[in-house]
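Our numbering puts the last residue of the sequence shown at 620; the count rises by one with no breaks. We put the beta carbon where it would ideally sit given N, CA and C, even for glycine. For reference, the structure discussed in these notes is given below.
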Amino acid sequence: LAQATGLPESRIPVPHLLVTRGARGAIWRDQASGEETRAQTFPVDPVDTTGAGDCFIGYTVAGLDQGMSRAEALRFAAAAAALKVTRSGTADAIPARAEVDAFLAGIEPK
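So this is what it looks like as C-alpha coordinates:
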(Lines of atoms letter the chains of each structure in order from A and count residues from 1; the text may use other names and numbers.)
(Lines give C-alpha, C1' and ligand atoms only; values in the text may rest on other atoms or scores of the structure.)
Protein backbone atom coordinates (compact mmCIF):
# COMPACT_ATOMS: atom_id res chain seq x y z
CA LEU A 1 0.00 0.00 0.00
CA ALA A 2 2.82 2.38 0.83
CA GLN A 3 4.39 1.61 -2.55
CA ALA A 4 1.12 2.25 -4.39
CA THR A 5 0.43 5.57 -2.64
CA GLY A 6 3.98 6.81 -2.18
CA LEU A 7 3.24 7.32 1.52
CA PRO A 8 4.06 5.22 4.56
CA GLU A 9 0.88 3.59 5.93
CA SER A 10 1.04 5.80 9.02
CA ARG A 11 0.67 8.90 6.77
CA ILE A 12 -2.24 7.73 4.62
CA PRO A 13 -5.02 10.17 5.60
CA VAL A 14 -7.81 7.75 6.52
CA PRO A 15 -8.84 6.49 9.98
CA HIS A 16 -8.82 2.81 9.00
CA LEU A 17 -7.16 0.69 6.31
CA LEU A 18 -8.45 -2.69 5.20
CA VAL A 19 -6.01 -4.37 2.86
CA THR A 20 -6.98 -7.65 1.21
CA ARG A 21 -4.04 -9.88 0.29
CA GLY A 22 -5.63 -12.79 -1.55
CA ALA A 23 -4.51 -16.16 -0.22
CA ARG A 24 -2.49 -14.35 2.46
CA GLY A 25 -5.62 -13.03 4.17
CA ALA A 26 -6.30 -9.42 5.08
CA ILE A 27 -5.19 -6.78 7.54
CA TRP A 28 -7.34 -4.08 9.13
CA ARG A 29 -5.28 -1.26 10.61
CA ASP A 30 -6.61 1.41 12.97
CA GLN A 31 -4.48 4.39 11.98
CA ALA A 32 -4.95 6.24 15.29
CA SER A 33 -3.92 3.39 17.58
CA GLY A 34 -1.79 1.38 15.15
CA GLU A 35 -3.75 -1.74 16.15
CA GLU A 36 -3.93 -4.41 13.47
CA THR A 37 -6.54 -7.14 13.13
CA ARG A 38 -5.64 -9.95 10.75
CA ALA A 39 -7.93 -12.26 8.83
CA GLN A 40 -6.54 -15.70 8.12
CA THR A 41 -7.54 -17.72 5.09
CA PHE A 42 -9.31 -21.05 4.94
CA PRO A 43 -7.91 -24.11 3.14
CA VAL A 44 -9.87 -24.51 -0.11
CA ASP A 45 -9.10 -25.50 -3.68
CA PRO A 46 -9.73 -22.32 -5.70
CA VAL A 47 -11.56 -22.51 -9.01
CA ASP A 48 -12.11 -18.81 -9.80
CA THR A 49 -10.80 -15.92 -7.69
CA THR A 50 -12.67 -13.24 -9.64
CA GLY A 51 -14.74 -11.20 -7.20
CA ALA A 52 -13.24 -12.71 -4.05
CA GLY A 53 -12.12 -9.32 -2.75
CA ASP A 54 -15.52 -7.78 -3.41
CA CYS A 55 -17.17 -10.69 -1.62
CA PHE A 56 -14.77 -10.24 1.30
CA ILE A 57 -15.47 -6.51 1.62
CA GLY A 58 -19.23 -7.00 1.35
CA TYR A 59 -19.28 -9.66 4.04
CA THR A 60 -17.00 -7.55 6.26
CA VAL A 61 -19.43 -4.63 6.09
CA ALA A 62 -22.42 -6.95 6.62
CA GLY A 63 -20.77 -8.50 9.67
CA LEU A 64 -20.00 -5.10 11.19
CA ASP A 65 -23.56 -3.96 10.45
CA GLN A 66 -24.86 -7.00 12.33
CA GLY A 67 -22.83 -6.07 15.42
CA MET A 68 -19.86 -8.39 14.97
CA SER A 69 -16.50 -7.32 16.32
CA ARG A 70 -13.82 -6.42 13.80
CA ALA A 71 -12.17 -9.85 14.23
CA GLU A 72 -15.49 -11.69 13.90
CA ALA A 73 -16.46 -9.72 10.79
CA LEU A 74 -13.10 -10.45 9.15
CA ARG A 75 -13.41 -14.18 9.90
CA PHE A 76 -16.97 -14.15 8.54
CA ALA A 77 -15.76 -12.41 5.39
CA ALA A 78 -12.80 -14.76 4.95
CA ALA A 79 -15.16 -17.72 5.07
CA ALA A 80 -17.45 -16.14 2.47
CA ALA A 81 -14.51 -15.39 0.18
CA ALA A 82 -13.17 -18.93 0.63
CA LEU A 83 -16.50 -20.35 -0.49
CA LYS A 84 -16.71 -17.89 -3.39
CA VAL A 85 -13.37 -18.97 -4.87
CA THR A 86 -14.50 -22.61 -5.00
CA ARG A 87 -17.09 -21.62 -7.64
CA SER A 88 -16.93 -20.17 -11.13
CA GLY A 89 -18.55 -16.81 -11.66
CA THR A 90 -18.89 -13.47 -9.98
CA ALA A 91 -22.04 -12.20 -8.25
CA ASP A 92 -23.82 -15.50 -8.87
CA ALA A 93 -21.02 -17.33 -7.03
CA ILE A 94 -21.26 -15.31 -3.80
CA PRO A 95 -22.42 -17.66 -1.05
CA ALA A 96 -25.59 -17.15 0.95
CA ARG A 97 -25.35 -16.38 4.67
CA ALA A 98 -26.53 -19.89 5.58
CA GLU A 99 -23.69 -21.40 3.54
CA VAL A 100 -21.12 -19.22 5.30
CA ASP A 101 -22.53 -20.10 8.72
CA ALA A 102 -22.41 -23.82 7.88
CA PHE A 103 -18.85 -23.49 6.58
CA LEU A 104 -17.74 -21.75 9.78
CA ALA A 105 -19.43 -24.38 11.91
CA GLY A 106 -17.28 -27.10 10.40
CA ILE A 107 -13.88 -25.61 9.57
CA GLU A 108 -11.16 -23.74 11.44
CA PRO A 109 -8.84 -21.28 9.64
CA LYS A 110 -5.33 -22.31 8.67
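query, result
"Any alpha helix (DSSP H) of 4 or more consecutive residues that is wholly inside the segment 561 to 609", "562 to 575 and 580 to 594"
"Bridge-paired residues (DSSP) for residue 549", "536"
"Under 8 Å between C-beta atoms of residue 570 and residue 527", "no"
"Residue 573 classed as buried or exposed, judged by whether at least 16 other C-beta atoms fall within 10 angstroms", "buried"
"Residue 557 classed as buried or exposed, judged by whether at least 16 other C-beta atoms fall within 10 angstroms", "exposed"
"Pair within 8 Å by beta-carbon distance, residue 551 and residue 535", "yes"
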